[in-house]
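Remarks on the structure that follows.
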Amino acid sequence: MAFLLVSAYLLLTHARGAPAENGALLETLKSQVGLFSNTSEHYSAQVRPPGTSRQIPQTIIIGVRKGGTRALLEMLDIHPNIVVAATEVHFFDWDENYVKGIDWYRNLMPFSYGNQITIEKTPGYFTSPQAPGRIHDMNSSIKLLLILRDPTERVISDYTQVYYNRVESHKPVQLFEDIVIKNGVLNTKYKAIQRSLYDVHMEKWLKHFSLDQIHIVDGNTLIKDPLPELQKVERFLNLPSRIMSSNFYFNQTKGFYCIRSDGRERCLHESKGRPHPLVNSTVLEQLYSYFREHNAKFYRMVNHSFDWH
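Mapping of the sequence shown onto mature numbering (1 follows the signal peptide of the UniProt record, and there is no 0): residues -17 to -1, 1 to 292, in sequence order.
So, in structure tokens, the structure goes:
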């Protein structure tokens, strides 16, 4: 793989294109041949550290979209026995990727030592009809992490991300209420609402995996007080306790916790934690009411209650 990348790059350096264009092409080539830097150990994309190899993930963060998957992955990356995939792979939910095969998937993973767990996260897995069976076919004993938050908050966060993406792309936008309410009633076909029906999606996962293989992280709690939730994950993964309170500090400007490790401080990307729109109270109540029964069913499924509306 590295040989292919170097050869391609040499051709690029002799091309007439601008340096910036060559750089963009090089990044594309990196992704196509599956060479990604290991964010945990800061490995060069072209260098395989002695004693390491690329492993199929032993743990996958399966979702949920806008539930806090990026925060969870970044925080777990603190642990010396964890290495994380740099990008969302979408192997099990996108047919065009799944047909490329397991070796393609493995080549997108970071280099790891024998005592390290490889983790990838793709939020789309949780709501994908195909993902549970495909992951089970790969490894029926795998451990899964699912991070959830109040379903109404998740819907609003989902809308907020799409809203800002459209604004930045100079595309027309709609008010939240105009999307969620159609002809005076709740638009339950809205994809963001469908993604928040946790009981519907969980039912599909429990057909393939036992409940003790799926650890649910409380996304609302993770943002307010990260350490207890991360310690639960350490225990679930049978890892030594290495994540400490000193690894986090509250950023007053951003309004959430940032990470301190390896002598560096870092916060999540500026696209995370964007302010939500103010939503009409009547619309909020309609959402709360709609999710109430689904939430109760979900609580029974997982034998655990959450502080959701």
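No residue lacks a Cβ here, since even glycine has one placed at the ideal position from N, Cα and C.
Predicted, not measured: the structure shown is a model, and the values here were computed from it.
Cβ-based neighbour list, residue i, same chain, cut-off 6 angstroms, excluding 5 preceding and 5 following
i, result
"Lys104", "Ile44, Thr52, Leu56"
"Ala114", "Phe75, Asp76, Tyr108"
"Glu71", "Thr105"
"His259", "Ile139, Thr143"
"Gln269", "Leu169"
"Ser152", "none"
"Ser124", "none"
Backbone CA spacing between residue i and residue j [nearest angstrom]
i, j, result
"residue 306", "Tyr108", "An answer regarding residue 306 cannot be provided, because it is not within the stretch -17 to 292 covered by the chain."
"Phe159", "Asn170", "11 angstroms"
"Val266", "Asn166", "13 angstroms"
"Ile61", "Phe231", "10 angstroms"
"residue 333", "Arg117", "The first residue shown for the chain is -17 and the last is 292, placing residue 333 beyond what the model contains."
"Val183", "Lys237", "34 angstroms"
"Tyr88", "Val216", "24 angstroms"
"Pro134", "Asp120", "30 angstroms"
"Val200", "Asn234", "22 angstroms"
"Leu261", "Asp86", "46 angstroms"
"Met185", "Ser272", "20 angstroms"
"Gln41", "Lys154", "40 angstroms"
"Val67", "Asp195", "22 angstroms"
"Ser244", "Leu222", "18 angstroms"
"Lys280", "Gly246", "45 angstroms"
Whether residue i touches residue j by CB criterion (8 angstroms)
i, j, result
"Asn101", "Arg257", "What sits at residue 101 in the sequence shown is Thr, not Asn. Taking 8 angstroms as the Cβ cut-off, Thr101 and Arg257 do not qualify as a contacting pair."
"Asn203", "Asp141", "no"
"residue 293", "Ser224", "No answer is possible for residue 293: the residues shown for the chain start at -17 and end at 292."
"Gly34", "Tyr96", "yes"
"Met92", "Pro209", "no"
"Arg48", "Arg132", "no"
"Asn98", "Arg37", "no"
"Tyr173", "His277", "no"
"Leu220", "Ala54", "no"
"Asn80", "His73", "yes"
Reference residue i, options the options, closest by Cα
i, options, result
"Lys126", "Lys187, Phe192, Tyr282", "Phe192"
"Phe239", "Ile206, Met227, Leu222", "Ile206"
"Val285", "Leu189, Ser152, Phe94", "Leu189"
"residue 301", "Val66, Phe94, Ile39", "It is not possible to answer for residue 301, since the shown part of the chain is limited to -17 through 292."
"Glu212", "Ile39, Thr110, Leu129", "Leu129"
"Ile164", "Asn263, Ile39, His292, Lys280", "Asn263"
"Lys187", "Ser123, Met227, Thr110", "Thr110"
"Arg137", "Asp195, Gly46, Ile197, Gln196", "Gly46"
"Gly84", "Gly246, Ile39, His198", "Ile39"
"Pro112", "Asp78, Asn122, Asp161", "Asp78"
Cβ-heavy atom distance, residue i to the ligand GTP, below 7 angstroms
i, result
"Gly51", "Ligands are entirely absent from the displayed structure, and the ligand GTP is therefore not among its contents."
Per-residue DSSP class, three states only, for residue i
i, result
"Tyr232", "strand"
"Gly46", "strand"
"Arg53", "helix"
"Leu169", "strand"
"Phe109", "coil"
"Arg37", "strand"
"Asp208", "coil"
"Glu248", "strand"
"Arg31", "coil"
"Leu127", "strand"
Cut-off 8 angstroms between Cβ atoms - residues of its own chain near residue i, not counting five sequence neighbours on either side
i, result
"Tyr282", "Ser288, Phe289"
"Val150", "Val156"
"Ser248", "Here the sequence assigns Glu to residue 248, which means Ser is not the residue at that position. Contacts found: Tyr232, Cys241, Ile242."
"Val82", "none"
Same chain only: Cβ atoms within 7 angstroms of residue i, ignoring 5 sequence neighbours per side
i, result
"Glu10", "Annotation note: pLDDT 40 at Glu10 (below 50); position unreliable, coordinate value reported separately. Excluding positions up to five away in sequence, the list is empty."
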